[in-house]
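Taken in sequence, the protein lines are chains F and E.
Residue numbering for the first sequence follows our numbering, starting at 584 and increasing by one per position.
Residue numbering for the second sequence follows our numbering, starting at 853 and increasing by one per position.
Quick reminder that beta carbons are idealized off the backbone N, C-alpha and C, glycines included.
As structure tokens, the structure follows; a few thoughts come after it.
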Amino acid sequence: MSTQNEWPLWEVFVRSKAGLDHKHCGSLHAADAKLAIQMARDVYTRRQEGVSLWVVRSDQIVASDPVDKAMYFDPMEDKVYRHPTFYELPKSVDHM
Amino acid sequence: MTASIQLQHKPEVQYLLRIGDTALIHAQRLGEWCGHAPVLEEDIALANVALDLIGQSRALLTHAGVLEGAGHDEDQLAFLRDERDYFNATIAELPRGDFAFTLLRNLFLATWSRLLWERLQDSGDAELAAIAGKAVKEARYHQQHAADWVVRLADGTPESRRRTEAALATLWRYTPELFESDAVDAAAHAAGLGPQRTELREPWLAEIGAVFDEAGLAVPADSAFRSTGTQGVHSEHMGYILAEMQHLQRAYPGGVW
């Protein structure tokens, strides 16, 4: 029996105590959403890694195609002016 | 070879050991799944439950040792008692069975222990109340995890349904022991240590009934059979568990990591 073929794959996102956002940390197989959350708790937060969990069906994620990598991302290489590094900050602004 | 310790029989010690030994022996059974569960995720989940139970057992055995007043620590109590001085409910020592049997037993014991821990948070014994405050959160998760699985197994495939019903037919007659108070319960209750076991019966039946409704399982008829592990009189399976559990401490006295 191969449960790998019967149970859908879920992506797991964990928010750590200090973190503001959920970060992708892995995936697992589970029969349904409720058990996916429980299994994510047992597999990915057993060493106090998090205080909140998201799971999402892997087949529901729409990803960019690696073939489009050059077209999508390379044109940004020579556009350093898009980084806000050419401004003089007033002295009264300590941190930004 | 290390000789057995002689346990001082006091009601409050036996009261704590009933809870602590049930957790300890149940954890030993759950540990047998490590590397054998049907899927990796559940393998880790069952091991997590077992480790929670061992943690609860350690705290209870340590405190029982203090109340006993004979200088016994958690390791001596866990590994150097004779079979008759263990007071776990018999249901915890039954062989692990299949996955349906394991999850149904988890549901029965986790529901029982969650109800018990909730009440022990108000114990007049501050140490026991503190242990309960931590353990009740663990038991809540154990109960939910087991209940969700029992519903899915009973309402799953014909095979999982058949196995769940077979597990229920075997396990149900070991449940009355969890709710029969005796002199130990009465003394513990009078001393403000914790509730008598009979108090847990109605809420336990209500919660199990709710899960069974969802799972489409019928509560079996009551049986005249009564198990007696909490009196120290165990099933034929107990000796084998202790032989495995105790071997290292008996062969290498005081051995530590």
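If you compare alpha carbons, which of E/Lys862, E/Phe960, E/Leu946 is closest to E/Arg1053?
Nearest option by C-alpha distance: E/Phe960.
Using 10 angstroms around the beta-carbon of E/Met1090, count the other beta-carbons present and answer buried if the total reaches 16, otherwise exposed.
Per the 10 Å Cβ criterion, buried.
Using the beta-carbon count (16 or more within 10 Å), is E/Glu1096 buried or exposed?
Counting C-beta atoms within 10 angstroms of its own C-beta, E/Glu1096 has fewer than 16 neighbours from the protein chains shown and is therefore classed as exposed.
Which residue from E/Gly917, E/Leu892, E/Glu945 puts its Cα closest to that of E/His878?
Checked all of E/Gly917, E/Leu892, E/Glu945; the closest Cα to E/His878 is E/Glu945.
How long is the line joining the alpha carbons of E/Gln928 and E/Ala922, rounded to whole angstroms?
It is roughly 11 Å from the alpha-carbon of E/Gln928 to the alpha-carbon of E/Ala922.
Chain-ordered residues of the segment 612-635 of chain F with a beta carbon less than 7 Å from chain E:
For the segment 612-635 of chain F, which is checked against every Cβ of chain E, the residues closer than 7 Å are His612, Ala613, Ala614, Lys617, Leu618, Gln621, Met622, Asp625, Val626, Arg629.
Could you run through the segment 892-909 of chain E and flag, in chain order, every residue whose CB is less than 7 Å away from some CB of chain F?
Hits within the stretch, in order: Glu893, Ile896, Ala897, Asn900.
Considering F/Arg598, what are the terminal residues of the beta strand (DSSP E) in which it resides?
That run of the beta strand (DSSP E) goes 592-598.
Taking the alpha helix (DSSP H) that E/Ser837 falls in, what are its first and last residues?
Nothing can be reported for residue 837 of chain E: it is not among the residues displayed for chain E, which extend from 853 to 1109.
With burial defined as no fewer than 16 other Cβ atoms inside 10 Å of the residue's Cβ, what is the status of E/Gly976: buried or exposed?
So E/Gly976 counts as exposed.
So, is the C-beta of E/Asp1007 closer than 7 Å to a C-beta in chain F?
Interface annotation, E/Asp1007: not in contact with chain F, CB-CB separation never under 7 Å.
F/Arg629 to F/Val663, Cα distance in whole Å?
Distance between the alpha carbons of F/Arg629 and F/Val663: 42 Å.
Between E/Ala1103 and E/Ser856, what straight-line distance do the alpha-carbon atoms span, to the nearest angstrom?
Their backbone Cα atoms lie some 12 Å apart in a straight line.
Buried or exposed: which applies to F/Met622, given that a residue is buried once 16 or more other Cβ atoms fall within 10 Å of its Cβ?
Result: buried.
May I ask you to verify whether the segment 981-991 of chain E touches the segment 896-909 of chain E, counting CB pairs closer than 8 Å and requiring at least 3?
Yes, they touch.
For a quick check, are the C-beta atoms of E/His994 and E/Ala962 less than 7 Å apart?
Yes, Cβ-Cβ distance for E/His994 and E/Ala962 is below 7 Å.
The segment 989-1002 of chain E: positions lying closer than 9 Å to chain F by Cβ
Legend: CB atoms of the segment 989-1002 of chain E lying less than 9 Å from CB atoms of chain F belong to residues Tyr993, Gln996, His997, Asp1000, Trp1001.
Which one of E/Ile871, E/Val865, E/Leu1030 has the shortest CA to CA distance from E/Glu920?
With distances taken between Cα atoms, E/Glu920 lies closest to E/Val865.
Rounded to whole angstroms, what's the CA-CA distance from F/Ala601 to F/Ile620? Just pull it up for me.
For F/Ala601 and F/Ile620, the distance between alpha carbons rounds to 21 Å.
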